[in-house]
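Residue numbers for the sequence shown, in the working numbering: 55 to 203. Note that beta-carbon positions come from the ideal geometry of N, C-alpha and C, so glycine has one too. Computed from a predicted model, the values in this text were never measured in an experiment. Report on the structure given below.
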Amino acid sequence: MAKKIKKRREDLKAGEVLCSYCTAKCCRYFAFPIDKPKKRQDFDYLRWFLLHGRVAIFVEDGTWFLMVYADCKHLQEDHRCGIYDVRPQICRDYTTDNCEYEDDALYEMFFETPEQIWEYTQAIFPPRKGREFSSAPVSALEVSLPLLG
(Lines of atoms letter the chains of each structure in order from A and count residues from 1; the text may use other names and numbers.)
(Lines give C-alpha, C1' and ligand atoms only; values in the text may rest on other atoms or scores of the structure.)
Protein backbone atom coordinates (compact mmCIF):
# COMPACT_ATOMS: atom_id res chain seq x y z
CA MET A 1 0.00 0.00 0.00
CA ALA A 2 1.42 3.39 -0.99
CA LYS A 3 1.88 6.00 1.70
CA LYS A 4 -0.55 8.88 1.35
CA ILE A 5 0.87 12.38 1.28
CA LYS A 6 -0.60 14.83 3.78
CA LYS A 7 -2.05 17.65 1.74
CA ARG A 8 -3.43 20.91 3.09
CA ARG A 9 -7.12 21.58 2.50
CA GLU A 10 -6.40 24.85 0.77
CA ASP A 11 -4.05 23.11 -1.69
CA LEU A 12 -6.73 20.79 -3.07
CA LYS A 13 -7.41 21.22 -6.78
CA ALA A 14 -10.93 21.48 -8.15
CA GLY A 15 -12.53 18.04 -8.00
CA GLU A 16 -10.01 16.61 -5.52
CA VAL A 17 -11.43 15.00 -2.38
CA LEU A 18 -9.84 15.53 1.03
CA CYS A 19 -10.56 11.89 1.95
CA SER A 20 -8.04 10.79 -0.69
CA TYR A 21 -5.29 12.12 1.57
CA CYS A 22 -6.67 10.98 4.93
CA THR A 23 -6.23 7.84 7.02
CA ALA A 24 -9.97 7.75 7.78
CA LYS A 25 -9.85 9.19 11.30
CA CYS A 26 -13.63 9.52 11.28
CA CYS A 27 -14.01 5.78 10.66
CA ARG A 28 -11.76 4.67 13.52
CA TYR A 29 -13.86 5.65 16.52
CA PHE A 30 -17.24 6.82 17.60
CA ALA A 31 -18.10 9.15 20.45
CA PHE A 32 -21.25 10.10 22.22
CA PRO A 33 -22.04 12.77 24.81
CA ILE A 34 -22.17 11.80 28.46
CA ASP A 35 -23.39 13.68 31.52
CA LYS A 36 -20.91 16.19 32.84
CA PRO A 37 -19.41 14.73 36.02
CA LYS A 38 -20.28 16.73 39.13
CA LYS A 39 -19.46 14.47 42.07
CA ARG A 40 -16.57 12.24 43.01
CA GLN A 41 -18.71 9.20 42.24
CA ASP A 42 -19.31 10.51 38.69
CA PHE A 43 -15.54 10.65 38.16
CA ASP A 44 -15.18 7.15 39.55
CA TYR A 45 -17.62 5.96 36.87
CA LEU A 46 -15.50 7.68 34.23
CA ARG A 47 -12.44 5.96 35.66
CA TRP A 48 -14.32 2.67 35.34
CA PHE A 49 -14.95 3.38 31.63
CA LEU A 50 -11.22 3.97 31.12
CA LEU A 51 -10.33 0.68 32.79
CA HIS A 52 -11.85 -1.10 29.79
CA GLY A 53 -9.18 -0.01 27.30
CA ARG A 54 -9.63 1.36 23.78
CA VAL A 55 -11.74 4.20 25.16
CA ALA A 56 -11.06 7.82 26.02
CA ILE A 57 -12.98 10.73 27.45
CA PHE A 58 -12.77 14.20 26.00
CA VAL A 59 -14.40 17.58 26.48
CA GLU A 60 -15.22 19.77 23.50
CA ASP A 61 -17.11 23.06 23.74
CA GLY A 62 -17.98 22.20 27.35
CA THR A 63 -19.60 18.86 26.44
CA TRP A 64 -18.15 15.61 27.82
CA PHE A 65 -17.84 12.64 25.45
CA LEU A 66 -17.01 8.97 25.73
CA MET A 67 -14.87 7.92 22.75
CA VAL A 68 -14.72 4.27 21.74
CA TYR A 69 -11.84 3.32 19.44
CA ALA A 70 -13.21 0.84 16.94
CA ASP A 71 -12.43 0.72 13.23
CA CYS A 72 -15.47 0.39 11.03
CA LYS A 73 -15.59 -3.19 9.80
CA HIS A 74 -15.98 -1.91 6.22
CA LEU A 75 -12.86 0.26 6.26
CA GLN A 76 -10.50 -1.00 3.58
CA GLU A 77 -6.70 -1.04 3.59
CA ASP A 78 -6.61 2.06 1.39
CA HIS A 79 -8.69 3.92 4.05
CA ARG A 80 -11.76 3.95 1.83
CA CYS A 81 -15.27 2.75 2.60
CA GLY A 82 -16.06 -0.77 1.41
CA ILE A 83 -19.81 -0.07 1.37
CA TYR A 84 -19.76 3.52 0.13
CA ASP A 85 -22.86 3.20 -2.07
CA VAL A 86 -24.94 1.71 0.77
CA ARG A 87 -23.24 3.37 3.78
CA PRO A 88 -25.37 4.43 6.77
CA GLN A 89 -27.06 7.82 6.73
CA ILE A 90 -24.78 9.17 9.46
CA CYS A 91 -21.85 8.58 7.09
CA ARG A 92 -23.71 10.23 4.21
CA ASP A 93 -24.44 13.30 6.35
CA TYR A 94 -20.81 13.66 7.47
CA THR A 95 -18.80 16.28 5.58
CA THR A 96 -15.16 17.25 5.51
CA ASP A 97 -16.06 20.91 6.15
CA ASN A 98 -15.14 20.64 9.84
CA CYS A 99 -13.59 17.18 10.01
CA GLU A 100 -10.47 16.52 12.05
CA TYR A 101 -8.19 15.96 9.06
CA GLU A 102 -5.56 18.41 10.35
CA ASP A 103 -6.24 17.92 14.07
CA ASP A 104 -4.71 15.35 16.36
CA ALA A 105 -7.08 15.16 19.35
CA LEU A 106 -7.12 18.88 20.12
CA TYR A 107 -9.74 18.99 22.84
CA GLU A 108 -10.30 21.13 25.93
CA MET A 109 -9.54 18.04 28.01
CA PHE A 110 -8.54 14.53 27.00
CA PHE A 111 -8.24 11.49 29.29
CA GLU A 112 -6.85 8.17 28.07
CA THR A 113 -6.04 6.40 31.34
CA PRO A 114 -7.84 5.82 34.64
CA GLU A 115 -4.86 7.42 36.40
CA GLN A 116 -5.37 10.68 34.47
CA ILE A 117 -9.01 10.97 35.51
CA TRP A 118 -8.08 10.06 39.10
CA GLU A 119 -5.41 12.77 39.21
CA TYR A 120 -7.83 15.31 37.72
CA THR A 121 -10.43 14.41 40.34
CA GLN A 122 -7.88 14.82 43.13
CA ALA A 123 -7.02 18.27 41.77
CA ILE A 124 -10.59 19.60 41.60
CA PHE A 125 -12.02 18.17 44.82
CA PRO A 126 -10.70 19.08 48.26
CA PRO A 127 -9.07 16.23 50.17
CA ARG A 128 -11.29 14.22 52.46
CA LYS A 129 -10.68 11.43 54.91
CA GLY A 130 -10.81 7.85 53.77
CA ARG A 131 -10.63 6.44 50.31
CA GLU A 132 -11.22 8.74 47.41
CA PHE A 133 -12.54 5.93 45.18
CA SER A 134 -13.86 2.46 45.61
CA SER A 135 -10.39 1.18 44.75
CA ALA A 136 -7.10 3.03 44.61
CA PRO A 137 -5.60 3.34 41.14
CA VAL A 138 -2.69 1.03 40.45
CA SER A 139 -0.19 1.77 37.72
CA ALA A 140 0.57 -0.81 35.05
CA LEU A 141 4.16 -0.85 36.28
CA GLU A 142 3.10 -1.86 39.80
CA VAL A 143 0.99 -4.69 38.42
CA SER A 144 3.68 -6.04 36.10
CA LEU A 145 6.62 -5.99 38.54
CA PRO A 146 7.01 -8.84 41.04
CA LEU A 147 7.26 -7.90 44.68
CA LEU A 148 10.82 -7.65 45.95
CA GLY A 149 11.47 -8.97 49.37
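Across the structure, Y161 and D139 are spaced so that their CA atoms are roughly 32 Å apart. For L120, the uninterrupted beta strand (DSSP E) segment begins and ends at T117 to Y123. When DSSP reads this structure, A110 sits in a beta bridge with M121. L104 sits buried, since 16 or more C-beta atoms from the chains shown fall within 10 Å of its C-beta. The continuous stretches of beta strand (DSSP E) do not include P168, which lies in the alpha helix (DSSP H) extending over residues P168 to I178. Comparing alpha carbon positions, the residue from F165, T150 and Q143 closest to E70 is T150. Counting the other CB atoms within 10 Å of its CB gives F86 a total below 16, which places it among the exposed residues.
I88 is bridged by DSSP to W118. Between Y75 and M121, the CB-CB gap reaches or exceeds 8 Å. Rounded to the nearest angstrom, the gap between the Cα atoms of K60 and A177 is 39 Å.
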